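Presented below is the structure to which this report refers.
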Amino acid sequence: MGDSHEPSPRHDVKPMEKLQETVFNGGKKRLPPFLDHFNARDLKILFRCWVAAWVACLLFLINPSLSSLGTATFFACLVLLMLPPSSVVFIYLLGSLSLYLGVCLAWAWGVITMKAAYAARPAADTQAQLLALEQTAAQQANATGQPVASLAQVLVYEGHMLDARVTAVTYCLVCTFIYFMARLRASNPKATFTAIFGIIIADLFLIFIPLLPSFNGTLPLTLAKPAGVGIGLGFACSVLFFPQSTSRIILNSMEDIIELLTHPLAFTMATLGKRDPDLDMAQLRKTQVGIIGEYRKMEPALAFLPLDFSIGCWGAQHVGTLKEPVRQAVSAILSLLEFHMNRVSGKARAKEVLLKYVDQIALEDEKEVRSGREVGRHQLQQTARLLDGLRNADTEPIPEEALQAFVRTASKAIEACVAALAAAKDCIHMANGPLLYRRPSSAAREELCERSRRALEDLRAMRQIFIQDTTDSLVSCYGPLLEGKSGEDGDRHAKNFGGIVVGMVFEELMANAMSKTEDVLAQVLDVFQSSQRTRVWWPLSLKAFVSWVSGKGNKAPAMAPVADDDPEEQLDATKSVQERLRLSRGYRVKRRGLLSRIILGTYHWFTSNEGLYALRMVVVTIALGIVSALPSTAGFFYREKGIWALIMAQTGLLPYMADFIFSVIARVLGTIVGGVLGLLAWYIGSGTGPGSPYGLAAIMAIMLVIFLWTRLYLPPNLLQGSIMGGATFLLVVAYSYDDTHVPTYGNPGVGYTVFWRRLLLVLIGIGAGTIVQLFPHPPSAAKHISKTLSATIRAISDHYALLLSCWGRGQEDGRILAEPISLQMAESLLMLDGPIQLLRYEFSSSRFDSANMDEVKRLCHGLNRNLGRLLSLSASLPRQYQDRLARLTGLLDHRCIGEIMAVLSVCEQALKTGDAPPELLPTPLVQRSMEYWHTHAMDILLAPDMLRDEHYRRYCVGLSAYVRFLSIVDELVLVIKGVLGESHLVAWEEAGV
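The opening residue of the sequence shown carries number 1 in full-length UniProt numbering; numbering runs sequentially from there.
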């Protein structure tokens, strides 16, 4: 190259040695993940939430506000624990709107129910009951000297006005509402708060409508007013204390993503020059999950960019331009990371198979080896023969001289890539920095611009140098071996083809990572230079909000716990392409009649996961709520706060057993811990007195930090436990203060009395929920995840069919959709991490356990990534190379396609039904592909000049991706057979095989 220059060393960028120390050793000793939030960003969020919650607690310690809002004033703080103002103002208001939507829906339905219920009882009967109530109250007042009104109220709560007709109408209508709210919660995570608060308000009507003597439309005000106050405090704190915009949140996430993208580069640097890299697969997978998880956390906020109101240098339109470059950089660097994962897992797998089926044959008697029946033996033996035939001492994947050349040029390329990522991150950090204080000077901005420009120029130059040097190394190493006639040297070509492919694949992946990093830095630098002035940015469009609301799979940041997401609900990103290409996911030859479809549809609607969950909710509501509607137990239910047990049973029900069991453990522990801390707060702040507002305010300011920290930073599956702890803490302190300052009938007591009653009711609610959850049969999370993975393999089959339809047709749809499809499925698979880990707490009849599920999920990740890579190449690879790859591997051969589709279908059905696959399948598919090549006498036809062709590099990437896709399918078959066994066995010994 004429003007290529070596990039100058950077002294203002994190050194590679320090980066590797951070990645491999964790740098300095770190705190556990839930405590590792001592940074300015997280502490600001904590402070904002803490101020709102503490002010809400002060309301029940101030007598005028306590008298105005009532004994449930603590509900304002409880709302802030459930929905803390940790996000932007708009998103917090959206969550509050969903909360109050549930309150209003339940309120409206409750008023209608109250009118209908009281209409069911004749007016004469009502007057007779009221007259008897007055007489009984007067008699008791004469005997005890207490006010008639107070005694009449006690008689009402003890069930004096109960009537079977009113109770029947109330339960029919309210339980219908609860059924639909439960279905809404199970089917749509965005409606979690709507369903929870709707059910809580509905419980008030369920309990009090049969008891009350007359219509009372303001019944929910006891909870609605404190909830509104809490939402108002959260909104005020969101505006006053460290307000955040959607743009700022996205830029923070982009900083974190760019920082994580340097980790695969550190892994690459550590493996250079090593034939057997000592990388830990667990660490590689953790890095992969971390990058995808951080991207997934950022993605929901992107939908709110057009609605963003912000003050800063960059507006929503500037931040939006970074989405595509960052996504492409994530995809490119993840491909590089997966290259290392494939090397590590492939070498380990090959070594294990060869050691078991080839290398030990000489040491053991072959009859003894055959005597034991082993699952997948036939496929493993064929795989071992294939691997043994490919072994050759004279052909290492990459010769030593080429390897050393790779080390020299790749090291400089990685350093340039890391420097560029660091520059991009610094630009984002400076533009996203403080607005009113510590603003960067013009000199600092200019210095960062200059450093970023140098990093961009160095990266561009280094990319060209890297491609040229690595290509020259391969040509100088393999060029002499590639000369000669193709027919005479076909075997020699084939022996060296593996090393060439490995070298070319690494070169292409590294060059692509550098190219996408260059795009990120170029776009960041362009925005950074063009937008330097702080200004107000107004919302762009309301269309995005309508799109978000109408989309079932869309989520907002911090709106609902991840554990509530249903990973089986996935959007089909290929649908539009299939329509344009006139493809179909399938069709049925014969359809049922309209009446049959209606009957079956109704049956499936009631017996689906959402339907069964809602039915369980109704059953547990009736089982516990009916106690309040019986004359002999109504007073007991009211005095002992039985509504706590009812709400506990309702909110504790979950669609799947593994989640439920873990939730029970977390809730009980949360209740105990919250109760103990509540007792400490009460007795420290009050001593033996009636409760000092000043002492309680001081101690609660400290305690709330603990509960808000756990609410904000604990893993999502512990969310219910943390909320339960906070709720119990507030109940102990608030009811103790209420009892000593505004005593009313039914108060649970003071201090320890409140705690043990609360704990007992929690256990009663959990016990009732457990019975309902177990009968008639427990909903198995293992079966649900199996079906989800089965659906994932079916989606992979669809993507494979889409690849075959696009291959060789020059369709741009493949390139456009490749990365979105790949990232979308990767995110949906990532959602399974939590549920799969919770399988350890479930007793299930499914043969799949947590480890098996995780292995299948990992293989689905691999299938998804390699198909995505091939789908992208279907548009970018020239037609002659696409045809060449198809002829070499049998990519478009009908028999090969049928075998792959058959194996994928068998895996899909085995995961869904739990039936063992047949012993004989057309596996290993890699061997079938090689047999196709030998059968059709396809010469490799390599020439030194081809190694300099950039399209040939992508051809090698496609070849590697396709072979890896086949090998992962083979491995998937073995994993499933290892769990379910084999069926339709063939007597190999008798057959003489």
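Even glycine gets a Cβ: it sits at the ideal position worked out from N, Cα and C. Fair warning: this is a prediction, and the values are worked out from it, not measured in the lab.
Asked: Cβ contact check for the segment 75 to 88 and the segment 49 to 61: 3 or more pairs under 8 Å; Found: yes
Asked: Start-to-end residues for the alpha helix (DSSP H) that takes in residue 599; Found: 594 to 607
Asked: Which residues DSSP lists as bridging residue 87, in chain order; Found: Residue 87 is not bridged to any residue.
Asked: C-alpha gap between residue 675 and residue 238, whole angstroms; Found: 29 Å
Asked: Euclidean distance between Cα positions of residue 862 and residue 918; Found: 24 Å
Asked: Distance between beta carbons of residue 309 and residue 253, contact taken as under 8 Å; Found: About 19 Å separates the two Cβ atoms, so there is no contact after all.
Asked: Status (buried if at least 16 other CB within 10 Å, exposed otherwise) for residue 758; Found: buried
Asked: In DSSP terms, what residue 705 is bridged to; Found: DSSP output for residue 705 lists no bridge partner at all.
Asked: Which residues DSSP lists as bridging residue 312, in chain order; Found: 535
Asked: Residue 840 - containing alpha helix (DSSP H), residue span; Found: Neither: residue 840 is in no alpha helix (DSSP H) and is coded neither H nor E.
Asked: Where residue 778 falls: helix, strand or coil (DSSP); Found: coil
Asked: 8 Å Cβ cutoff met for residue 877 and residue 958; Found: yes
Asked: DSSP three-state assignment for residue 189, whether helix, strand or coil; Found: helix
Asked: Proximity winner among 833, 670, 681, 302, relative to residue 763 (alpha-carbon distances); Found: 670
Asked: CB of residue 999 within 8 Å of CB of residue 175, strictly; Found: This structure cannot settle anything about residue 999, because the visible part of the chain is limited to 1 through 993.
Asked: Rounded C-alpha distance that separates residue 536 from residue 319; Found: 14 Å
Asked: Touch test, the segment 792 to 804 against the segment 680 to 688, Cβ-Cβ under 8 Å, three pairs minimum; Found: no
Asked: Contacts around residue 912, its chain only, beta-carbon distance under 7 Å, and the 5 residues preceding and following it disregarded; Found: 786, 787, 790
Asked: Identity of the residue in 281, 693, 333, 315 nearest residue 344 by Cα; Found: 281
Asked: DSSP three-state assignment for residue 983, whether helix, strand or coil; Found: strand
Asked: Beta carbon of residue 721 nearer than 8 Å to that of residue 794; Found: no
Asked: Validate contact between the segment 882 to 889 and the segment 745 to 761 using beta carbons, cut 8 Å, 3 pairs; Found: no
Asked: Buried/exposed call for residue 202, threshold 16 Cβ in 10 Å; Found: buried
Asked: Buried versus exposed call for residue 603 [16 or more other C-beta atoms within 10 Å across all chains shown]; Found: exposed
Asked: Residue span of the alpha helix (DSSP H) that contains residue 134, given as start and end; Found: 123 to 144
Asked: Neighbourhood of residue 979 by C-beta, 7 Å cutoff - its chain only, sequence neighbours within 5 removed; Found: 847, 848, 852
Asked: C-alpha distance - residue 638 paired with residue 628, whole-angstrom precision; Found: 7 Å
Asked: Delimiting residues of the alpha helix (DSSP H) encompassing residue 741; Found: 719 to 741
Asked: Assumed close pair residue 779, residue 612 - CB separation to whole angstroms, cut-off 8 Å; Found: 7 Å
Asked: Nonlocal neighbours in the same chain, by C-beta distance under 7 Å from residue 557, ignoring five residues either side; Found: Unreliable placement is indicated for residue 557, whose pLDDT of 44 sits below 50; the coordinate value is still reported in the next sentence. Cβ within range, chain order: 87, 91, 249, 300, 301.
Asked: Cβ-Cβ distance between residue 653 and residue 824 below 8 Å; Found: no
Asked: Minimum Cβ-Cβ distance from residue 690 to chain C less than 8 Å; Found: You won't find chain C in this structure, because it holds only one protein chain.
Asked: Rounded separation between residue 850 and residue 840 - CA only; Found: 6 Å
Asked: Neighbourhood of residue 471 by C-beta, 8 Å cutoff - its chain only, sequence neighbours within 5 removed; Found: 507, 947, 948
Asked: Candidates 128, 208, 706: closest to residue 50 by CA position; Found: 706
Asked: Neighbour-count burial assignment, residue 571, 16 or more Cβ in a 10 Å radius; Found: Low confidence applies here, because residue 571 scores a pLDDT of 43, under 50, leaving its location unreliable; read the following figure in that light. By the neighbour-count rule (16 or more Cβ atoms within 10 Å), residue 571 is not buried but exposed.
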